[in-house]
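Since the structure comes first, as structure tokens, the remarks are kept for the end.
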Amino acid sequence: MHAFLRLAASAALALAVAVAAAGPAAAQTAAPAEPRFVVASGGSAGEMTVPVDKSQVLTVDRPFTDILVGNPEIADVVPLSDRSVYVLGKGLGSTNLTIYGPGRDLLAVIDLVITHDAEGLKQRLFDVLPGEDVEVRGVAGGLVLSGTVGTARALERAVAMAERYAPGAVTNLLSVAGSQQVMLSVKVAEVRRSLARGIGIKPTVFGEDFFVDVLDPLDITRFLGADIMLTASEFAIDLLIDALEEKGAVRVLAEPNLIALSGDTATFLAGGEFPIPVAQEDDEDGSTITVVFKQFGVSLAFTPTVLDGDLINLSVAPEVSQIDPTTSVRISGFTIPGLSTRRARTTVELRDGQSFAIAGLLQSDFTDQVRQVPGLGDIPILGALARSSEFQRSETELVIIVTPHLVQPAPPGLLAAPTDSFVPPSDAELFLFGQVEGSDPAALEVERQVLSARPGGGISGPYGHILK
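The sequence shown maps to residues -27 to -1, 1 to 441 in mature numbering (1 follows the signal peptide of the UniProt record, and there is no 0).
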């Protein structure tokens, strides 16, 4: 049903419509002046946008007589005078508004769009994100965000705010300016120091029909040993003197580097897999043995999110593992090795180029063990002949450091690979001079040109991506 309103007025040859909410506007600028649409008689006056449950005043510079609304369920109009109309948004959608002059002369047809409060959202975005170029446009049944923001966090805030005005009806066309690729450098450094001392005498008595090992042997490598044999007609006593002092230091260093887009997860593994037998139930034979492979080596998984400016939120999980034969087990004839693992998982916030120690360990182990023949080992002085002593001490220091960088891809031809300058040796270089790598002046010149084209280049310079 059409809503038809009539006013006595003279015919109009031209029409100008002022709509406060017409057209998109950037959130970082103040509200623009009201636009005016001037059309000839019988033309289109453009589009008028009105927030739902709010009103706008339409003004005409010439008197009109009749106003026709296509769908009164979407919008309601009330003439205020022969030159102005009160327009109220009743429901989401679009319709048209037809304006007639005297003699049923068509003055203009206005597309009337009732949307969510785009103007209110523009003002809120200007207050919360004053430096961002965000445009808001109302469409039938929803809102459209477009423009460019500086960070992913600003984009998330803009979309979240728009959802408050139009739940489930926001079309996000925003883009993020600047570099959104993050390179994460992880350094896993570990130092283990150990000290072991042992001294003792291991007596062994044996004869023609028997063999008695009085003390179990010490589980250390003999550094200094003396073997004393006492014999009789039917038996013999073998005294093995063990004396040992061991010192050791182990250094473990892993530096994996990985790049990911902001908001995406990247994984990396440099290592291998070893088989583990697993029993599987079988309806026919009872059980079968299958093989499952377990990963080991240097692995890294992280999810970066670029926040305001150069602030980066990192969800990172580095791991360094290696096969440890000392923790292996033997089951049903299979030897299953163990793993020595250093692992961390956390979330931190860092700025570009900053470092943070996300994990650390200080561990000190002490072992003091005495083995002796009961009774004989308690005799002063002489009891040392029936006693073995062992002392072990170990210290471990571990730290995991992460450093994120905002990066950009390098231009073609400016990246040098480790194999660029490798030349296989000739027969003379390999067999006569024992060289494992040949020399090629042409290859060295190419490498020199590539490295010299990069500022601060060199063998130990940055690689992979240009640090911003």
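Just so it is clear, CB atoms sit at the ideal spot from N, CA and C, and this is done for glycine as well.
E363, enclosing beta strand (DSSP E) - first and last residue = Numbered from 1 along the sequence shown, position 390 holds the residue referred to as residue 363. For E363, the enclosing beta strand (DSSP E) covers residues R360 to Q381.
Between which two residues does the beta strand (DSSP E) harbouring G104 extend?
-> Within the sequence shown, numbered from 1, the residue matching residue 104 stands at position 131. First-last for G104: undefined, no H or E at that position.
Close-in-space but distant-in-sequence residues of the same chain around A233 (CB under 8 Å, 5 per side omitted) = Within the sequence shown, numbered from 1, the residue matching residue 233 stands at position 260. Here the set comprises Q154, V155, L157, A239, F275, T276 and P277.
Using DSSP with H/G/I as helix, E/B as strand and the rest coil, what is A(-2)?
-> In the sequence shown, counting from the first residue as 1, residue -2 sits at position 26. With a pLDDT of 40 at A(-2), under the threshold of 50, the modelled position of this residue cannot be trusted; read the value that follows with caution. DSSP places A(-2) in strand when its eight states are reduced to three.
Using 8 Å as the threshold, is the stretch 371 to 383 in touch with the stretch 391 to 406, meaning 3 or more CB pairs across them?
-> The stretch 371 to 383 is not in contact with the stretch 391 to 406.
Can the beta-carbon of G62 be found closer than 9 Å to that of G114?
-> Within the sequence shown, the letter at position 89 stands for residue 62. Within the sequence shown, the letter at position 141 stands for residue 114. Contact flag unset, no.
Among the residues of its own chain, which have a CB less than 8 Å from the CB of A125, if the five just before and after it don't count?
-> To locate residue 125, count along the sequence shown from 1; it is residue 152. Cβ neighbours of A125 beyond the five flanking positions: V149, Q153, S235, G236, T278, V279 and L280.
What is the rounded straight-line gap between the Cα of F266 and the Cα of S272?
-> Position 293 of the sequence shown, counted from the start, is the residue given in the question as residue 266. Position 299 of the sequence shown, counted from the start, is the residue given in the question as residue 272. Rounded to whole angstroms, F266 to S272 spans 16 Å at the Cα level.
Quick one: is V375 buried, meaning 16 or more other Cβ sit within 10 Å of its Cβ, or exposed?
-> Taking the sequence shown and counting its residues from 1, one reaches residue 375 at position 402. Counting the other Cβ atoms within 10 Å of the Cβ of V375 gives 16 or more, which makes it buried.
In three-state terms, what does DSSP make of F395?
-> Reading the sequence shown from its first residue, position 422 is the one you call residue 395. Coil at F395, not helix or strand.
In three-state terms, what does DSSP make of E228?
-> Locating residue 228 in the sequence shown gives position 255, counting from the first residue. Per DSSP, reduced to three states, the secondary structure at E228 is coil, with no helix or strand assignment.
How long is the line joining the alpha carbons of A3 and G104, rounded to whole angstroms?
-> Here residue 3 corresponds to residue number 30 of the sequence shown, with the count starting at 1. Here residue 104 corresponds to residue number 131 of the sequence shown, with the count starting at 1. Residue confidence is low: A3 scores 40 on pLDDT, short of 50, so the model does not pin down where it sits. Its coordinate-derived value is still stated next. For A3 and G104, the distance between alpha carbons rounds to 12 Å.
Taking V51 as part of the beta strand (DSSP E), name the residues at either end of that continuous run.
-> Position 78 of the sequence shown, counted from the first residue, corresponds to residue 51. In the DSSP assignment, V51 falls within the beta strand (DSSP E) that extends over A48 to P52.
Whole angstroms is fine: what's the gap from T392's alpha carbon to V159's?
-> Numbered from its first residue, the sequence shown carries residue 392 at position 419. Numbered from its first residue, the sequence shown carries residue 159 at position 186. Between T392 and V159, the C-alpha separation is close to 24 Å.
Is the shortest distance between the beta-carbon of S399 and the beta-carbons of chain C less than 9 Å?
-> Absent here is chain C; the protein component of the structure consists of one chain.
If you scan the stretch 55 to 134 from start to end, which runs of the alpha helix (DSSP H) of 4 or more residues do you find wholly inside it?
-> Listed in chain order, they are 91 to 101.
Strand pairing of P248, partner residues [DSSP] = For this step, residue 248 is matched to residue 275 along the sequence shown. P248 is bridged to F266.
Out of curiosity, what's the CA-to-CA distance linking A133 and D26?
-> The residue you call residue 133 lines up with position 160 of the sequence shown. The residue you call residue 26 lines up with position 53 of the sequence shown. C-alpha separation (whole angstroms): 22 Å.
Which class does D281 belong to by DSSP, given the choice of helix, strand or coil?
-> Locating residue 281 in the sequence shown gives position 308, where the first residue counts as 1. Per DSSP, reduced to three states, the secondary structure at D281 is coil, with no helix or strand assignment.
List the whole-angstrom C-beta distance separating E363 from R166, where the pair is believed to meet the contact cut-off of C-beta under 8 Å.
-> Translated into the one-based positions of the sequence shown, residue 363 becomes position 390. Translated into the one-based positions of the sequence shown, residue 166 becomes position 193. E363 to R166, Cβ: 18 Å. No contact.
Cβ of P24 within 9 Å of Cβ of G111?
-> Along the sequence shown, read from residue 1 onward, the residue named residue 24 stands at position 51. Along the sequence shown, read from residue 1 onward, the residue named residue 111 stands at position 138. Using a Cβ distance threshold of 9 Å, P24 and G111 count as a contacting pair.
Can you tell me whether DSSP reads A389 as helix, strand or coil?
-> Stepping through the sequence shown from its first residue, residue 389 is reached at position 416. Three-state result, A389: coil.
Thinking C-alpha only, which one of P36, D106 and V51 is nearest Y73?
-> Residue mapping note: residue 73 aligns to position 100 of the sequence shown, counting from 1. Checking every option, the nearest Cα to that of Y73 belongs to P36.
Would a C-beta distance cut-off of 9 Å place D106 and V122 closer than the cut-off?
-> The sequence position of residue 106 within the sequence shown is 133, counting from 1. The sequence position of residue 122 within the sequence shown is 149, counting from 1. Yes, Cβ-Cβ distance for D106 and V122 is below 9 Å.
E242 to G141, Cα distance in whole Å?
-> On the sequence shown, residue 242 is found 269 positions in, with the first residue counted as 1. On the sequence shown, residue 141 is found 168 positions in, with the first residue counted as 1. According to the sequence shown, residue 242 is Leu rather than Glu. Rounded to the nearest angstrom, the two C-alpha atoms are 40 Å apart.
Whole-angstrom C-beta distance between S313 and Q295, which should lie under 8 Å | Residue 295 sits at position 322 when you count from the first residue of the sequence shown. Residue 313 sits at position 340 when you count from the first residue of the sequence shown. For a cut-off of 8 Å, the C-beta gap from Q295 to S313 is around 5 Å, short enough to register as a contact.
Cβ-Cβ distance between D325 and I285 below 9 Å | As a first step, residue 325 must be located in the sequence shown, where it is residue number 352. As a first step, residue 285 must be located in the sequence shown, where it is residue number 312. It is a contact, given that the beta carbons lie within the stated cut-off.
Would you kindly report the start and end of the unbroken beta strand (DSSP E) that includes P310?
-> Translated into positions along the sequence shown, residue 310 becomes position 337. Boundaries of the beta strand (DSSP E) harbouring P310: F307 to R316, taken from the DSSP string.
Compare the Cα-Cα distances from V109 to each of V409, D100 and G120 and report the closest residue.
-> Here the question's residue 109 lines up with position 136 in the sequence shown. Per the Cα distances, G120.
How is the beta strand (DSSP E) around E32 delimited, first residue to last?
-> Residue numbering aside, residue 32 sits at position 59 when the sequence shown is read from its first letter. A quick correction: the sequence has Thr, not Glu, at residue 32. Taken as a continuous stretch (DSSP letters only), the beta strand (DSSP E) holding T32 covers S28 to T32.
Measure the alpha-carbon distance for P248 versus F269 and round it to whole angstroms.
-> Stepping through the sequence shown from its first residue, residue 248 is reached at position 275. Stepping through the sequence shown from its first residue, residue 269 is reached at position 296. It is roughly 11 Å from the alpha-carbon of P248 to the alpha-carbon of F269.
Report the residue from P75, A48 and N69 whose alpha carbon sits nearest the alpha carbon of D55.
-> Locating residue 55 in the sequence shown gives position 82, counting from the first residue. Out of P75, A48 and N69, the CA that lies nearest to the CA of D55 is found in P75.
In the structure shown, what three-state DSSP assignment does A(-7) receive?
-> By 1-based counting over the sequence shown, the position of residue -7 is 21. Its pLDDT being 37, under 50, A(-7) is placed unreliably in this model, and the value from its coordinates should be taken loosely. Coil at A(-7), not helix or strand.
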